[in-house]
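A.B. asks:
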Amino acid sequence: MLKWVAKHRPPLVVLENICNCPWDKVCNYFKEKGYSAAWCRFDTKNYYIPHTRMRGYAFAIDMKSSGIPEEWKSFVQGLSRPSSSPLEAFLLPVDDPRIHQSRQNLATESERRAGRVDWGKCESRHQRVRLEEELGFKRPFTQWKEDGSCLLPDFAWADWAQGQVDRILDLLDISLLKSAQKGIDQTYKTYGRMLSRC
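Using this note's numbering, read the sequence shown as starting at 648 and increasing by one per residue.
(1) Can you give me the Cβ contacts of Leu816 inside the same chain, cut-off strictly under 6 Å, excluding the 5 residues immediately before and after it?
(2) Does the Cβ of Phe722 have 16 or more other Cβ atoms within 10 Å, making it buried, or fewer, making it exposed?
(3) Can you have a look at Pro658 and say buried or exposed, based on whether 16 or more other CB atoms are within 10 angstroms of its CB?
(4) May I have a chain-ordered list of the alpha helix (DSSP H) segments no shorter than 4 residues that lie completely inside the stretch 753-832?
(5) Grouping DSSP H, G and I as helix and E and B as strand, with all else coil, what is Gly714?
(6) Using a threshold of 8 Å, state whether the C-beta atoms of Ile831 and His773 are closer than that.
(7) Would you kindly work out how many angstroms separate the C-alpha atoms of Leu824 and Lys680, rounded to a whole number?
(8) At least one CB of chain B closer than 8 Å to the CB of Ile715: is that the case?
(9) Buried or exposed: where does Ser826 fall if 16 or more other Cβ atoms within 10 Å of its Cβ makes it buried?
(10) What residue range does the beta strand (DSSP E) around Asn675 cover?
(11) Hey, out of Arg656, Trp686 and Gln748, whose CA is closest to Cys668's CA?
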C-alpha cells in the first residue's frame, strides 16, 4: 500500500488496521512524503454500532503542515455516542412470525454446526484484557463453561447463544463487565450498580 501511495500520490488516504500496527511509523512515512497525518484508535461500540471491534485508523492529506488530520481526529472522536437504546428498539415485535421462524432457523443451524473454533487461539487475548482492565474471570451474563454450554438470562436468545463460538460468549461477558465498571447495566440499558452481581 505504501509503495502505491509513493507512486500515485493520492490527495487523501484513510487506512484501517489492527491496533498493534506501527501507526507512528505509518504517519512518519507519510510526513516524509509531504503529507500531514494523524492516527487514532476507535471501538465501534462507542459509535452506536452494536459490535466491539477495536481498530486503528490513520488519516493523511497531501499538504505538509496542514492541521486537517488533527481536525479529522478530533471530529471523529467527537462523534462518539454509545448506544442509548436497547437492541429490541431496532427489532420486529416479539410476536412477529418472522421472529419465530428466524429463531427456529438459528436453533437448527446451531445443531448442524460440526465443530467450534479453537478457543485457544483467542483465550490468551481475552485473559489479557480481563487482567489489564481488572474485570476478573467471572461470566455473569452467559454462565458459559469450558464445555461450551451457557445459560443466558430468560430474556436472552439462548438458542442463538448455544450456536456461538466460545470467543463470542466470552466477549459478551467481557462487554458486560466493562460496562458494569462504569455503573451501566447492559441488560436494561440504564445506569445502576451491577458490580455486586459481577
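C-beta: ideal position from N, C-alpha, C; glycine also.
C.D. replies: Quick answer:
(1) Stepping through the sequence shown from its first residue, residue 816 is reached at position 169. Within its own chain, the residues whose Cβ lies closer than 6 Å to the Cβ of Leu816, once the five positions on either side in sequence are excluded, are Thr789, Trp791 and Cys797, listed in chain order.
(2) Translated into the one-based positions of the sequence shown, residue 722 becomes position 75. Exposed, by the Cβ-count rule.
(3) Residue numbering aside, residue 658 sits at position 11 when the sequence shown is read from its first letter. Under this definition Pro658 is an exposed residue.
(4) 767-779, 805-809 and 813-828
(5) If you number the sequence shown from 1, residue 714 lands on position 67. The answer is coil: DSSP assigns Gly714 none of H, G, I, E or B.
(6) In the sequence shown, residue 831 corresponds to position 184, counting from 1. In the sequence shown, residue 773 corresponds to position 126, counting from 1. Going by C-beta atoms, Ile831 is not nearer than 8 Å to His773.
(7) Indexing the sequence shown from 1 puts residue 824 at position 177. Indexing the sequence shown from 1 puts residue 680 at position 33. So the alpha carbons of these two residues sit roughly 44 Å apart.
(8) In the structure shown, chain B does not exist; there is a single protein chain.
(9) For the purposes of this step, residue 826 is identified with residue 179 of the sequence shown, where counting begins at 1. Flag for Ser826 reads buried.
(10) Taking the sequence shown and counting its residues from 1, one reaches residue 675 at position 28. First-last for Asn675: Trp670 to Glu679, but that is the alpha helix (DSSP H), not the beta strand (DSSP E).
(11) Sequence index remark: in the sequence shown, residue 668 carries index 21 (1-based). Out of Arg656, Trp686 and Gln748, Trp686 has the C-alpha closest to the C-alpha of Cys668.
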